[in-house]
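> Residue numbers (the working numbering), protein chains in the order written: chain G, 1 to 146; chain Y, 1001 to 1129. We put the CB at the ideal spot given by N, CA and C, even for glycine.
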């Protein structure tokens, strides 16, 4: 069996992955890690993500699903994934006030450094503009495919 | 668990794959998991094929909730005109009967916010070790 890369097939040469956006809201608990890993891997596969970046994304997801529940504003975590031809933006919410910074700090691995900072191409914290005193935060990470 | 994504064919696989996580997180036997995934796939396919006109892409929402230790509810919602007979339907009309055969109960209707919904419940059997 031969496996011709998609871009080399005549019917695929001009096709670009279509931008996609998926929102996953999942309760803190045993479902969060497996469902996030499964959803993001399918979303990235559909976006023609290179294998090395897919691997990076899975490591990011493992770190996020391990630590995000401790900083959630309530009993749920919301992951929003938006892909285009260049990469994926992953937003992690609805985190409690200062939760995004604490989540980032939790991803420090002795001898390795901060997993989230090392693997993502962009990283920022956004605060909800709502008047909610809990001031929900989002951690926003970007992985570029190139 | 709630998923919200554009109603397009490629995203049906995203939903189907997400439901495989139930087997990893909870002790759900293979046959039950297979029934859940097939019924959810059919419901999502109906949304992609029937809910929106060809030139318009709308949302697809899937929510799964454990009602009890042995019962799972899955609701598939869209913003289409609703479920009804269509003379120009491209399908064979097997989707809904298949869903009925795979679920403990199924309700077709409209949510309070006027979205079309298919509400399915599944009995959960513990996985055999």
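Check the Cβ-Cβ distances between residue 1095 of chain Y and every residue of chain G, and say whether any is below 8 Å.
It does not: the Cβ of residue 1095 of chain Y has no partner Cβ on chain G nearer than 8 Å.
> As a quick exercise: from G/140, G/50, G/40 and G/23, pick the residue whose alpha carbon is nearest that of residue 99 of chain G.
The option with the nearest alpha carbon to residue 99 of chain G is G/140.
> Chain Y partners of residue 34 of chain G, CB-CB under 7 Å?
Here the neighbours are 1021, 1024 and 1025.
> Which parts of the segment 1028 to 1090 of chain Y are runs of the beta strand (DSSP E), unbroken and 3 residues or longer, counting only runs that do not cross its ends?
Fully enclosed beta strand (DSSP E) runs of 3 or longer: 1059 to 1068 and 1071 to 1078.
> Return the CA-CA distance between residue 101 of chain G and residue 125 of chain G, expressed in angstroms with no decimal places.
The straight-line gap from Cα to Cα measures roughly 7 Å.
> Taking only beta-carbon positions, decide if residue 83 of chain G is within less than 8 Å of chain Y.
Answer no: the Cβ-Cβ gap between residue 83 of chain G and chain Y never drops below 8 Å.
> Residue 1103 of chain Y by DSSP, collapsed to three states: which one?
Residue state, collapsed to three classes: coil.
> Report the residue ranges of all alpha helix (DSSP H) runs contained in full by the segment 6 to 93 of chain G; include only those spanning at least 4 residues, in chain order.
The qualifying runs are 32 to 46 and 51 to 67.
> So with Cβ pairs under 8 Å, would you call residue 1119 of chain Y a contact of chain G?
Residue 1119 of chain Y does not count as touching chain G.
> To which residues of the same chain is residue 114 of chain G closer than 6 Å at the C-beta, ignoring the five residues directly before and after it?
So the list reads 107 and 108, once near-sequence residues are dropped.
> Could you name the residues of the segment 91 to 105 of chain G whose beta carbon sits closer than 7 Å to any beta carbon of chain Y, in the order they occur along the chain?
Under the 7 Å Cβ criterion, the segment 91 to 105 of chain G contributes no residue.
> In angstroms, rounded to a whole number, what distance separates the CA positions of residue 1013 of chain Y and residue 71 of chain G?
Near 30 Å, if we compare the C-alpha coordinates of residue 71 of chain G and residue 1013 of chain Y.
> What did DSSP end up calling residue 116 of chain G once you bin it into helix, strand or coil?
It is helical.
> Please tell me whether residue 73 of chain G has its Cβ less than 8 Å away from any Cβ of chain Y.
Judged by the 8 Å Cβ criterion, residue 73 of chain G is not in contact with chain Y.
> What residues of chain Y sit near residue 21 of chain G, judged by a beta carbon separation below 9 Å?
By Cβ distance, chain Y contributes 1004, 1005 and 1006.
> Report all residues from its chain with a CB closer than 7 Å to the CB of residue 145 of chain G; omit the five preceding and five following residues, and keep chain order.
So the list reads 49, 50, 53, 86 and 87, once near-sequence residues are dropped.
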